[in-house]
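For the sequence shown, full-length UniProt numbering assigns the number 1 to the initial residue and increments by one for each residue that follows. Reading through the structure tokens given below for one structure.
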Amino acid sequence: MTVYAAPGTPDSLMAFKPRYEHWIGGEWVKPIKGQYFENVSPVNGKPFTEVARGTAEDIDAALDAAHKAAPAWGKTSTTERAAVLHKIADVIEANLQMLAVAETWDNGKPIREPLNADLPLAADHFRYFAAAIRAQEGHFAEMDGDMTAYHYKEPLGVVGQIIPWNFPILMAVWKLAPALAAGNAVVLKPAEQTPASILVLIELIGDILPPGVLNIVNGFGAEAGKPLASSPRIRKIAFTGETTTGRLILQYASANIIPATLELGGKSPNMFFSDVADHDDAYYDKAQEGFALFAFNQGEVCTSPSRALIQKPIYDGFLGDAVKRTALAVQGNPLDTDTQVGAQASNDQLEKILSYIDIGKQEGATLLLGGERVDLGGDLSGGFYVQPTIFEGHNKMRLFQEEIFGPVVAVTSFNDYDDGISIANDTLYGLGAGVWSRNGNIAYRAGRDLQAGRVWVNNYHAYPAGAAFGGYKSSGIGRENSALALDHYQQTKNLLVSY
Ligand code: NAD
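Below, the structure is given as structure tokens:
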């Protein structure tokens, strides 16, 4: 067990600056209207820094810088761009613990997550896209007559990116790595709840890129996000966030006829077929752990397995074990490497989760575990903590249909295969899903029949670079994390040449 010291205390690996500006054109730039907003740590509920509050004027300044930088960056060789991305990955790896402290303090997640998952994955995503862009090949085709069609992939130019607060650094990297690899200049707006850890990363990597290739404008959705997403000066908008905001982004994009990639909400089913309980063995344990993952990152995960569907013959026994298993999850100081459940990212988010717990009770769901706000006492007493919560009910309840984005799972049973698939697919969303079965035929079939962009079969919540990720239905448009994402940041040039 290691407990990292809080930022700014004598033993800490890092301290936040008292104030952060925008990063525009390779330097820190004050907001044109001179306003700042407080950044609060969910760990103790206290403000720890203030951040530039961006407006349309700041977005324009960032777009000026991006447009200045884009032509030269777009003409660099793929080898040069790959080398830059590898350097960024090197810096993330060299500063892993310091960045993990920053990420935990800003977001509230247990530090084991950024140490073992978010940051190693962030570095690997840069390396993956460095390799993917170098591996990309154009093609040509001989036409009738004496013509040849040459096809080239060219960058789009300047692109806008808007991200949420649940994995601040990783969400930024998922978007930046393919966009930069493809040769675009970027203006990115972090979430207003968690701007600081990204800015700590920018302090480290900002100078690796030519000025203006990467620009960060901080601020709120309506004040900075909308002017970015609706600007006629971007050639694409990439967005991760709520489905309701995604609808607006698509409207802005349609006005300018630009493509939008949307990574939106989810209500992911996690299906446990009855053969899971054939033996009490390592596989059974793994499935139990797969159930408890709804509390992972406090449930603030777009693919959180927030609906558990258990086949009737094993329902009581499997669920009984799963409740006991979840109750063992260690909730505590997010900076302690033993902690498994940390703080919710904001007070608003905590209130939203508590309101859904009330809704669940009102609509007659049975509370099997948790359901309360937690006061961890001492220095953590103002933090945003809630117990992992298990409800039992049926799929028509709001608890099963609406995204809570907290450590709350809604559990129900199913009869046979068709019944299970039909309950699982009875949702607006289609982002993630889980299937647990020892029977390869069932597992494969269910994987294909579930309407979701990512189905984890006999595992849950791995996010390796190279596995395409994105939503079906109202969960989004487009794919990230795989070479497919390069297509979203490039346009095809065709030269039709006669000899
Ligand atoms: P949100 O939609 O409220 O905000 C996301 C971002 O959009 C923020 O930066 C915000 O400032 C900005 N924004 C808000 N209104 C805007 C507007 N009118 N124009 C432009 N920008 C605007 O979402 P959130 O609450 O920050 O994040 C949680 C949501 O993100 C959940 O629904 C979750 O499922 C989703 N999510 C999806 C994925 C995925 O890959 N599909 C990953 C992580 C999170």
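Cβ atoms here follow ideal geometry from the backbone N, Cα and C, with glycine treated the same way.
### Task
Using DSSP bridges, identify the partner residues of Ala123.
According to DSSP, which records beta bridges pairwise, Ala123 is partnered with nothing at all.
### Query
So Lys189 and Val217 are in contact, right, with Cβ under 8 Å, and what is the actual spacing, rounded?
With 8 Å as the limit, Lys189 and Val217 qualify as a contact, their Cβ atoms being about 5 Å apart.
### Task
Mind reading off the beta-carbon distance from Pro178 to Met171? Whole number of angstroms is fine, and I expect it under 8 Å.
Not really, about 13 Å apart at Cβ, beyond 8 Å.
### Message
I need the DSSP call for Val276, collapsed to helix, strand or coil.
### Response
Annotated three-state conformation of Val276 is helix, per DSSP.
### Query
Taking contact to mean at least 3 C-beta pairs separated by less than 8 Å, is the region 374-390 in contact with the region 418-432?
The region 374-390, when compared against the region 418-432, does not touch it at the 8 Å Cβ threshold.
### Message
Is the beta carbon of Ala452 closer than 8 Å to that of Gly478?
### Response
No, they are not a contact pair.
### Query
Within this structure, are the beta carbons of Val408 and Gly299 separated by less than 8 Å?
In this structure, Gly299 lies closer than 8 Å to Val408 by Cβ.
#### Entry: Candidates Leu399, Gly138 and Val173, of which the one nearest Asn494 by Cα
For Asn494, the closest alpha carbon among the candidates Leu399, Gly138 and Val173 is that of Gly138.
### Task
Spell out a yes or no on whether the region 49-64 and the region 90-100 are touching, meaning 3 or more CB-CB pairs, one atom from each, closer than 8 Å.
A contact is defined here as three or more CB-CB pairs under 8 Å, and the region 49-64 fails this definition with respect to the region 90-100.
### Query
What's the C-alpha gap between Tyr429 and Gly266?
Roughly 5 Å separates the two Cα atoms.
### Query
Are the CB atoms of Gln311 and Phe273 nearer to each other than 8 Å?
Cβ distance < 8 Å, so Gln311 and Phe273 count as in contact.
### Query
Ordered along the chain, which non-local residues of its own chain (more than five positions away) have a Cβ less than 6 Å from that of Leu262?
So the list reads Phe239, Gly246, Gly476 and Ile477, once near-sequence residues are dropped.
### Query
Taking all protein chains shown into account, do 16 or more other C-beta atoms lie within 10 angstroms of the C-beta of Val497, making it buried, or fewer, making it exposed?
Exposed.
### Message
Looking at the secondary structure, which residues open and close the alpha helix (DSSP H) in which Met171 lies?
### Response
From DSSP, the alpha helix (DSSP H) with Met171 extends over Pro168 to Ala181.
### Task
Have a look at the DSSP bridge pairing and note the partners of Gly432.
Among the bridge pairs identified by DSSP, Gly432 is matched with Arg454.
### Task
Check whether the Cβ of Gly266 lies closer than 7 Å to any heavy atom of the ligand NAD, and answer yes or no.
At least one heavy atom of the ligand NAD is nearer than 7 Å to the Cβ of Gly266, so yes.
#### Entry: From Trp28, Phe48, Gly471 and Asn44, residue whose alpha carbon lies closest to that of Phe37
Out of Trp28, Phe48, Gly471 and Asn44, Phe48 has the C-alpha closest to the C-alpha of Phe37.
### Message
Less than 8 Å between C-beta atoms, sequence neighbours within five positions excluded: which residues of the same chain meet that for Tyr356?
### Response
Counting only Cβ-Cβ distances below 8 Å, and skipping sequence neighbours, we find Arg398, Leu399, Glu402, Ile404, Gly406 and Val408.
### Query
Shortest alpha-carbon distance to Asp106 belongs to which of His86, Gly221, Leu380 and Ile198?
Checked all of His86, Gly221, Leu380 and Ile198; the closest Cα to Asp106 is Ile198.
### Query
Is Phe220 near the ligand NAD, judged by its Cβ being under 7 Å from some heavy atom?
Yes, the beta carbon of Phe220 sits closer than 7 Å to at least one heavy atom of the ligand NAD.
### 8 Å Cβ cutoff met for Gly383 and Ala343
Closer than 8 Å, so yes.
### Message
Please classify Ile257 as buried or exposed, where buried requires at least 16 other C-beta atoms within 10 Å of its C-beta.
### Response
Answer is exposed; the Cβ neighbour count stays below 16.
### Query
If you measure from the CB of Ser475, is any heavy atom of the ligand NAD nearer than 7 Å?
In this structure, Ser475 has its CB closer than 7 Å to one or more heavy atoms of the ligand NAD.
### Task
Taking only heavy atoms of the ligand NAD into account, decide whether any of them is closer than 7 Å to the Cβ of Ala255.
A distance criterion of 7 Å places the beta-carbon of Ala255 beyond contact range of the ligand NAD, judged by its closest non-hydrogen atom.
### Task
Examine the Cβ distances between the region 123-139 and the region 365-373 and report whether three or more of them are shorter than 8 Å.
No: the two stretches stay apart, fewer than three of their Cβ pairs being nearer than 8 Å.
### Message
When you measure from the CB of Lys175 to every non-hydrogen atom of the ligand NAD, does any distance come out below 7 Å?
### Response
At a threshold of 7 Å, Lys175 does not count as near the ligand NAD, since its beta carbon sits no closer than that to any of the ligand's heavy atoms.
### Task
Enumerate, from N- to C-terminal direction, the unbroken alpha helix (DSSP H) stretches of 4 or more residues contained entirely within the region 262-325.
Runs found: 282-292.
### Message
I'd like the ranges of any beta strand (DSSP E) spanning at least 3 consecutive residues and lying wholly in the region 30-58.
### Response
Complete beta strand (DSSP E) runs here, min 3: 36-41 and 46-52.
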